[in-house]
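Undergrad: 383 is the number of the first residue of the sequence shown in my numbering; add one for each residue after it. Glycine residues also receive a C-beta, built at the ideal position from the N, C-alpha and C atoms.
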Amino acid sequence: MKRGTDRILTTHAGRLPDPSNMGEVVMARTGDQGKYDELVKAGIVEMVGKQVELKNDILSDGEFWKTRGQGYFDSRLTGVELVPVTGDKPAWLLANQPERCMLEFKDFFAMYDALGNTPMPGVIIPPATHRHAITGPLKYRGQGTIKHEIEVSKEGIAAAGADLEDFFFPVLSPGWISHFLWNDYYQTDEEYFYAIADFVKGEYEAVVEAGFVLQIDDPSMVTRYGYPNPSLSVEEYRKHAEMRVEALNHALSNISEDKIRFHTCWGSQRSPHTTDPPLRHVIDLILKVNAGAISLETADARHQLDWKIWEEFILPDGKIFIPGVVAHKTTTV
C-alpha cells in the first residue's frame, strides 16, 4: 500500500461517474463476451485518464461495469435462488424498513420524490417480482468470475499505461452483501454472516494475489443504525456491528493488513440523516478491522465535528487514515 512521505496522497472511494461509452457497455452485457470486454476496457482507459488528469495518486477502474444484482449472485454462489416477492418479504431487505427519519420528515420526502427522487419523465421501472434469498448452504463457485473480472480490469489499466501498484479493487463486505440477500436458511445471524464471509474470502484473496490493494466496502457498519424502528440501543447496535467485524476479519485472515483498506460511509442516500449514529459509538469497532487503512466519509455537515473523536481515540501505529473530504449530498441536517 502506497504511503505519502513528503505530501498527502489523494484517492477516492471507488465508484466514479460513468464513462462516455456506458450506454454501449450496458447494451453489450448480454451479448458477445469479447465485445463486452473490449468496451469495458475502453471505459477503464477513460476512467484512468480522468483520475490522472485530476491528480489522484491511488486509483480504481471506476467500477462502472460491475453488477451487484442477479448476475452477481448467480455467477458466484449455490444456495441462492430467485423467489417471488411477497408482502412480508419485498424485493429489497430495507424496502419494508425505511429510515426512521422518513417518519419525521414526511414533507421533505414528498417534495423530494416530486422533484427528482423518481425515474426521468417517460421512464418506467416496473416493480420487482422476485428477490434473492439463501435457501440452502452457501457454496462458492465464483473462481472463474472473479478471475475474469480481475483480468479485464488489469488489461484496461495496462491499456491506459498505468501502474498496477497505484490501484485498489473494491469488494463488498459480508455485512453489506447481507443488505441485499435474504436469509431463509441459516438459523442465526452469526451463521448467516460467517457463511457470507466464507464466500467472499476467496474473492478477497484473489484480488490481492493479482497485485491490487483490496478495498472492503462496508457502509452497513454505520448505516444500519438508522433503520430499525423502534431503534436499537447503542449497546445492541454495537453488539451487532462487532459480530460483523469478526466475520469480516475471518474473511481477511489470510491477507496482510498492508494490502487492505476498509471503507465505510453514512450512505449515499439523500436524506436528512438525523438517525446516523455518532462516530464515537463505533470508531473502536472500525479500528478492530484487520486493515492497514481506514477510509471514512468526513465532508458531511452532519459529521463535521467527528474529528474530535481523535482527542479520545488513538489511531494504531502504522494504520493510515483516509478522510473523505469531498461529499455528494447536501440534504443533511
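How many Å lie between Ser677 and Gln569 at the Cα?
TA: Reading the sequence shown from its first residue, position 295 is the one you call residue 677. Reading the sequence shown from its first residue, position 187 is the one you call residue 569. Rounded to whole angstroms, Ser677 to Gln569 spans 33 angstroms at the Cα level.
Undergrad: Cβ atoms of Ala544 and Leu421: under 8 angstroms apart, would you say?
TA: If you number the sequence shown from 1, residue 421 lands on position 39. If you number the sequence shown from 1, residue 544 lands on position 162. Cβ atoms of Leu421 and Ala544: not closer than 8 angstroms.
Undergrad: Please report the residue range of the alpha helix (DSSP H) in which Glu435 lies.
TA: Here residue 435 is taken as the residue at index 53 of the sequence shown, counted from 1. First-last of the alpha helix (DSSP H) with Glu435: Gln415 to Glu435.
Undergrad: Hey, how far is the Cα of Lys690 from the Cα of Ala681?
TA: Reading the sequence shown from its first residue, position 308 is the one you call residue 690. Reading the sequence shown from its first residue, position 299 is the one you call residue 681. Computed Cα separation, rounded: 14 angstroms.
Undergrad: In the DSSP assignment, find the alpha helix (DSSP H) that holds Ala410 and state where it starts and stops.
TA: Walking along the sequence shown from the start, residue 410 turns up at place 28. Where Ala410 is concerned, the enclosing alpha helix (DSSP H) stretches over Met404 to Ala410.
Undergrad: Can you tell me whether DSSP reads Tyr454 as helix, strand or coil?
TA: In the sequence shown, the residue the question calls residue 454 occupies position 72. If DSSP states are grouped into helix, strand and coil, Tyr454 belongs with the helices.
Undergrad: Which residue or residues does DSSP assign as beta-bridge partners of Val590?
TA: What you label residue 590 is simply residue 208 of the sequence shown in a count that begins at 1. For Val590, which the question treats as bridged, DSSP gives no partner whatsoever.
Undergrad: Which full runs of the beta strand (DSSP E) of 3+ residues lie inside the region 515 to 593, going along the chain?
TA: 550 to 554
Undergrad: Take Thr511 and list the residues in its own chain whose beta-carbon comes closer than 7 angstroms to its own, dropping the five residues that flank it on each side.
TA: Stepping through the sequence shown from its first residue, residue 511 is reached at position 129. Pro466 and Val467, listed in sequence order.
Undergrad: How is Asp666 classed by DSSP in three states: helix, strand or coil?
TA: By one-based count along the sequence shown, residue 666 stands at place 284. Three-state result, Asp666: helix.
Undergrad: Rounding to the nearest angstrom, what Cα-Cα distance links Gly706 and Leu697 in this structure?
TA: What you label residue 706 is simply residue 324 of the sequence shown in a count that begins at 1. What you label residue 697 is simply residue 315 of the sequence shown in a count that begins at 1. Near 16 angstroms, if we compare the C-alpha coordinates of Leu697 and Gly706.
Undergrad: Within the same chain, show all residues whose beta-carbon is closer than 6 angstroms to that of Leu554, passing over the 5 residues directly before and after it, in chain order.
TA: Counted from its first residue, the sequence shown places residue 554 at position 172. If we look at Leu554 and ignore the five residues flanking it on each side, its Cβ neighbours are Asp599.
Undergrad: Less than 8 angstroms between the CB atoms is what I'm expecting for Thr712 and Cys483, so what's the real figure, rounded?
TA: Numbered from 1 along the sequence shown, position 330 holds the residue referred to as residue 712. Numbered from 1 along the sequence shown, position 101 holds the residue referred to as residue 483. Not a contact, Cβ separation roughly 16 angstroms.
Undergrad: Could you name the residues that DSSP lists as bridge partners for Ser677?
TA: What you label residue 677 is simply residue 295 of the sequence shown in a count that begins at 1. The partner list for Ser677 (beta bridge, DSSP) reads His645 and Ile704.
Undergrad: Are Thr393 and Asp443 close, meaning C-beta to C-beta below 8 angstroms?
TA: Working through the sequence shown from its first residue, we reach residue 393 at position 11. Working through the sequence shown from its first residue, we reach residue 443 at position 61. Not closer than 8 angstroms, so no.
Undergrad: Which residue wins for smallest C-alpha separation from Lys423, given the options Val434, His645, Phe446 and Leu391?
TA: For the purposes of this step, residue 423 is identified with residue 41 of the sequence shown, where counting begins at 1. Ranking the options by Cα distance to Lys423, first place goes to Phe446.
Undergrad: Taking 8 angstroms as the threshold (C-beta atoms), are Arg626 and Met603 in contact?
TA: As a first step, residue 603 must be located in the sequence shown, where it is residue number 221. As a first step, residue 626 must be located in the sequence shown, where it is residue number 244. Going by C-beta atoms, Met603 is nearer than 8 angstroms to Arg626.
Undergrad: Tell me where the alpha helix (DSSP H) around Thr605 begins and ends.
TA: As a first step, residue 605 is located in the sequence shown; it is residue number 223 there, counting from the start. Note, Thr605: alpha helix (DSSP H), Ser602 to Thr605.
Undergrad: Should Asp470 go down as buried or exposed, given a rule of 16 or more other Cβ atoms within 10 Å for buried?
TA: Translated into positions along the sequence shown, residue 470 becomes position 88. Exposed, since its Cβ has fewer than 16 Cβ neighbours within 10 Å.
Undergrad: Taking all protein chains shown into account, do 16 or more other C-beta atoms lie within 10 angstroms of the C-beta of Glu428, making it buried, or fewer, making it exposed?
TA: The sequence position of residue 428 within the sequence shown is 46, counting from 1. Label assigned to Glu428: buried.
Undergrad: On a Cα-Cα basis, can you pick out the residue from Ala592, His514, Leu634 and Val434 that is closest to Ser560?
TA: Start at 1 with the first residue of the sequence shown, and residue 560 comes out as number 178. Cα-wise, what sits closest to Ser560 is His514.
Undergrad: Quick one: Cα of Gly518 to Cα of Ile532, how far?
TA: The count along the sequence shown starts at 1 and reaches residue 518 at position 136. The count along the sequence shown starts at 1 and reaches residue 532 at position 150. Cα to Cα, the separation comes out at about 28 angstroms.
Undergrad: Is any beta-carbon of chain E found at less than 8 angstroms from that of His645?
TA: The question asks about chain E, but that chain is absent: this structure has only one protein chain.
Undergrad: If contacts are defined as beta-carbon pairs under 8 angstroms, then Ile516 and Asp566 qualify, I think. What distance do you get, rounded to the angstrom?
TA: Taking the sequence shown and counting its residues from 1, the one referred to as residue 516 is at position 134. Taking the sequence shown and counting its residues from 1, the one referred to as residue 566 is at position 184. Rounded, the Cβ-Cβ distance is 6 angstroms, consistent with contact.
Undergrad: Can you give me the C-alpha to C-alpha distance between Val664 and Asn631, rounded to a whole angstrom?
TA: Along the sequence shown, read from residue 1 onward, the residue named residue 664 stands at position 282. Along the sequence shown, read from residue 1 onward, the residue named residue 631 stands at position 249. Val664 and Asn631: Cα-Cα distance of roughly 16 angstroms.
Undergrad: Less than 8 angstroms between the beta carbons of Tyr576 and Ala629, yes or no?
TA: In the sequence shown, residue 576 corresponds to position 194, counting from 1. In the sequence shown, residue 629 corresponds to position 247, counting from 1. It is a contact, given that the beta carbons lie within the stated cut-off.
Undergrad: Taking the alpha helix (DSSP H) that Val462 falls in, what are its first and last residues?
TA: Taking the first residue of the sequence shown as position 1, residue 462 is located at position 80. Looking at the DSSP string, Val462 is not in any alpha helix (DSSP H); the run it does join, the beta strand (DSSP E), is Leu459 to Pro466.
Undergrad: Return the Cβ separation of Leu520 and Phe562 in integer angstroms, given the expectation that the two are a contact with Cβ distance under 8 angstroms.
TA: Position 138 of the sequence shown, counted from the start, is the residue given in the question as residue 520. Position 180 of the sequence shown, counted from the start, is the residue given in the question as residue 562. Not really, about 14 angstroms apart at Cβ, beyond 8 angstroms.
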